[in-house]
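Report on the structure given below.
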Amino acid sequence: MAIISSRPQPANSGEPPKKARVSGAKPTGKSLSHRDLLQGAATIEEQQEVPSNQQNLNPQEEKIRPQRLEDYIGQKDLKGVLQIAIAAAQGRNDPLDHLLLYGPPGLGKTTMAVILATEMGTNCQITSAPALERPRDIVGLLMKITAGDILFIDEIHRLSRMTEELLYPAMEDFRLDITIGKGQSAKIRSLPLPPFTLVGATTRVGALSSPLRDRFGLIQRLKFYDLAELQTIVQRTARILPVEVTPEGAEEIARRSRGTPRIANRLLKRVRDYAQVQQAAQATTKITQEVAVEALELLEVDPLGLDWTDRSLLQIMIDNFKGGPVGLDSLAAATGEDVKTIEEVYEPYLLQIGYLQRTPRGRIVTDAARKHLGD
Ligand code: ADE
Numbered sequence: 520m521a522i523i524s525s526r527p528q529p530a531n532s533g534e535p536p537k538k539a540r541v542s543g544a545k546p547t548g549k550s551l552s553h554r555d556l557l558q559g560a561a562t563i564e565e566q567q568e569v570p571s572n573q574q575n576l577n578p579q580e581e582k583i584r585p586q587r588l589e590d591y592i593g594q595k596d597l598k599g600v601l602q603i604a605i606a607a608a609q610g611r612n613d614p615l616d617h618l619l620l621y622g623p624p625g626l627g628k629t630t631m632a633v634i635l636a637t638e639m640g641t642n643c644q645i646t647s648a649p650a651l652e653r654p655r656d657i658v659g660l661l662m663k664i665t666a667g668d669i670l671f672i673d674e675i676h677r678l679s680r681m682t683e684e685l686l687y688p689a690m691e692d693f694r695l696d697i698t699i700g701k702g703q704s705a706k707i708r709s710l711p712l713p714p715f716t717l718v719g720a721t722t723r724v725g726a727l728s729s730p731l732r733d734r735f736g737l738i739q740r741l742k743f744y745d746l747a748e749l750q751t752i753v754q755r756t757a758r759i760l761p762v763e764v765t766p767e768g769a770e771e772i773a774r775r776s777r778g779t780p781r782i783a784n785r786l787l788k789r790v791r792d793y794a795q796v797q798q799a800a801q802a803t804t805k806i807t808q809e810v811a812v813e814a815l816e817l818l819e820v821d822p823l824g825l826d827w828t829d830r831s832l833l834q835i836m837i838d839n840f841k842g843g844p845v846g847l848d849s850l851a852a853a854t855g856e857d858v859k860t861i862e863e864v865y866e867p868y869l870l871q872i873g874y875l876q877r878t879p880r881g882r883i884v885t886d887a888a889r890k891h892l893g894d
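Going by our numbering, the sequence shown opens with residue 520, and the numbers climb by one from there.
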C-alpha cells in the first residue's frame, strides 16, 4: 500500500505542483479477530517506513503526472462526465460518487484518481488489490480515511472475496462490519466510517463481480489516445524533463506509442538518452524526427509502435497456427508469454489497429497484419 496525499493546487499558477506525501506499507499477519484487525491498522501505520510498492510513485513519474483536470490531455468524454460530477458534489458538499475506471494499462487511471482528489481538495490514498490480501489490510486503510478522501484501488478485479465483502457496506453505508469471534458465537460489530470515494481501476471490467460493479455510481472507460493528443503529451513531458523536441520529433514518438501516454513518456526518455549521447559534442540536446526514428529503430519499435513481442506474437500465429483461430492458452504456450499479459497488455492494441480479431474459436491474424510483417 502506498499513500499519496494530494491537496488542491492553484490552477494555472505556473508553479510546480506541491510535493505529494508518499508512503508505502506491506501488510503482514493472518489472524482475523477484531483486536487483530485493529492492530493490523497500527501495523500498517508502523510499516509505512518500509515502502513496498512505490513503483508507480517514483518522483520522476510524479513530476510529469498532470495535477489538474485542465492539464490532462485527451479523454474528452471522461473529463466532461467528471467535471459535472465534481461540480455537483461540491455544490452539495458531498463526496464524489464511487467511480470505476477501466481500460488498457498506461492510459491514466491512477493519474485521474490523483487529479480528482486535487480538484475535490482531499487526500488520495493509493493501493492495489494484491496489497489487500487479508481483511486487516483494507480495515487498516478504511480506518485511516478522513471525510471526503479518495481511496484508489488498482487492479480491483483481483480483490479477495473477504476484502470485497468488507467493501460492500463501506461503499454503500460508510460502515465497516467486523466479525468478532468464530462459528456460532461470532458477532458483527459495525463501525461508522467518514464518507469517502472509492475509485477502482481495472483492465478487466468483465472480471469484476456484479455486486461490486453495481456499487459504483460511475463506470467509465478510458480509450486509446489519438496521434495529436499523444504528440501534445510528448511535448508537455519534454518541457517538464526538460529536453528540446521539434513538433515532428514529438509526432514520431507519438506515432509509435500504441495510443498510450505511459509508452509515449517512456519512449521520449529513451530517445532523449540516444539524442544526448549522439549530440554529446553539442551544447544542447534536440530531438528531431530523424533522431527519433534512429533511436526507435535501435529499440526495435516499428513505425506503428509494435515491438519485438508484438511482432513475434503475430508471426508465431502465422507460422505455427496458419494465422488462427488459435486459443489464448496455445498462444501463450507457443510464445512463452503469460496468458494475462497477452490479454491485457498486447492484445488490446493489436485489436484496436485491426491486426487481430477475436472470434468464438480463438484469435485470428488479419491481412493488414500479414502485410505489415511482409508476409
Ligand atoms: N501524462 C500522461 N498522461 C497524460 C495526460 N493524459 N495528459 C497530460 N499528461 C499526461
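Quick reminder that beta carbons are idealized off the backbone N, C-alpha and C, glycines included. No experiment lies behind these values; they were computed from the predicted model shown.
Whose C-beta lies closer than 7 Å to the C-beta of residue i among residues of the same chain, with five residues either side of it excluded?
i: residue 893; result: none
i: residue 854; result: 831, 832, 835
i: residue 641; result: 667, 668, 669
i: residue 873; result: 885, 887
i: residue 762; result: 791, 804, 806
i: residue 751; result: 592
i: residue 797; result: 810
Considering only residues of the same chain and omitting the five flanking positions on each side of residue i, which have a CB-CB separation below 6 Å?
i: residue 756; result: 583, 784, 787
Measuring only from the beta carbon, is residue i closer than 7 Å to any heavy atom that is part of the ligand ADE?
i: residue 590; result: yes
i: residue 778; result: no
i: residue 784; result: yes
i: residue 755; result: yes
i: residue 682; result: no
i: residue 837; result: no
i: residue 585; result: yes
Per DSSP, which one or two residues make a beta bridge with residue i?
i: residue 763; result: 805
i: residue 845; result: 882
The alpha helix (DSSP H) that contains residue i, what's its start and end?
i: residue 884; result: Premise fails: residue 884 lies in the beta strand (DSSP E), 881-884, not in any alpha helix (DSSP H).
i: residue 871; result: 866-871
i: residue 682; result: 680-692
i: residue 590; result: It is not in any alpha helix (DSSP H) - residue 590 carries neither H nor E in the DSSP assignment.
i: residue 645; result: Per DSSP, residue 645 belongs to no alpha helix (DSSP H); it is in the beta strand (DSSP E), 643-647.
i: residue 731; result: 729-732
i: residue 783; result: 780-797
Locate the beta strand (DSSP E) running through residue i, then write down its first and last residues.
i: residue 618; result: 618-621
i: residue 739; result: 737-740
i: residue 711; result: 706-711
i: residue 637; result: No beta strand (DSSP E) holds residue 637; the alpha helix (DSSP H) holding it covers 628-639.
i: residue 721; result: 716-721
i: residue 669; result: 669-673
Less than 8 Å between the beta carbons of residue i and residue j, yes or no?
i: residue 621; j: residue 734; result: no
i: residue 624; j: residue 863; result: yes
i: residue 676; j: residue 727; result: yes
i: residue 773; j: residue 790; result: no
i: residue 868; j: residue 768; result: no
i: residue 861; j: residue 847; result: yes
i: residue 883; j: residue 842; result: yes
i: residue 635; j: residue 661; result: no
i: residue 698; j: residue 657; result: no
i: residue 737; j: residue 604; result: yes
i: residue 644; j: residue 743; result: no
Given residue i, which residues of its chain have a CB within under 8 Å of its CB, disregarding the five upstream and five downstream residues?
i: residue 672; result: 646, 647, 648, 651, 678, 717, 718, 719, 720
i: residue 630; result: 584, 585, 591
i: residue 600; result: 737, 739
Closest Cβ-Cβ distance between residue i and chain D: below 8 Å?
i: residue 652; result: Here there is only one protein chain, and chain D is not present.
Given the structure, does residue i come close to the ligand HEM, in the sense that its CB is under 7 Å from one of the ligand's heavy atoms?
i: residue 764; result: Inclusion of the ligand HEM in the displayed structure is not the case, the ligand content consisting of the ligand ADE alone.
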